[in-house]
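Below: one structure, written as structure tokens.
Numbering (my numbering), first residue to last: 29 to 157.
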């Protein structure tokens with residue numbers, strides 16, 4: 029109900045909101061987007077594990093266990109350097125690459141379109157203030 033009354037008061041924004049929802053839906057449906065998000069998540073998770081392990085070790089244990097820390101780092105590095113046997117399966121094929129480029133182009137155009145529209149930016153500032 030809030031969205032519909034917003035659209036009636038500001039009809040110029042409804043098409044932008046609908047376009048945003050369409051682009052967002054395409055992002056969720058894209059296997060490339062899902063793979064990219066999963067890859068970034070895994071990389072950040074590994075980085076957090078290294079930081080967590082460093083922070084949980086005490087100073088005295090760290091002095092005595094420098095070898096353990098270096099082993100942990102090398103195991104994470106070697107795990108990320110390993111080429112999986114399914115490397116060809118995880119690569120983007122040509123069609124998915126073209127779809128990803130088209131999707132990013134739509135997002136870029138939408139962003140410039142919204143940034144140029146003063147009404148949406150003004151409404152956002154009023155709502156967040």
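Where is the CB? At the ideal position from N, CA and C, for every residue including glycine.
Quick caveat, the model's predicted, so the values are computed rather than measured.
- The C-beta distance from residue 51 to residue 135 rounds to 6 Å, short enough to meet the 8 Å contact threshold.
- Contact check for residue 131 against residue 54 passes: the beta carbons are separated by less than 7 Å.
- Taking the CA atoms as reference points, residue 125 sits about 26 Å from residue 44.
- For a cut-off of 8 Å, the C-beta gap from residue 58 to residue 157 is around 35 Å, too long to register as a contact.
- Short of 7 Å from the beta carbon of residue 47, and not among the five residues preceding or following it, lie these beta carbons of its own chain, in chain order: 138.
- In this model, residue 68 and residue 74 are separated by some 10 Å (Cα to Cα).
- Cα atoms of residue 142 and residue 150: separation of roughly 11 Å, rounded to the nearest angstrom.
- Here the alpha carbons of residue 66 and residue 79 stand approximately 20 Å from one another.
- Spanning the alpha carbons of residue 122 and residue 76 requires a straight line of approximately 34 Å.
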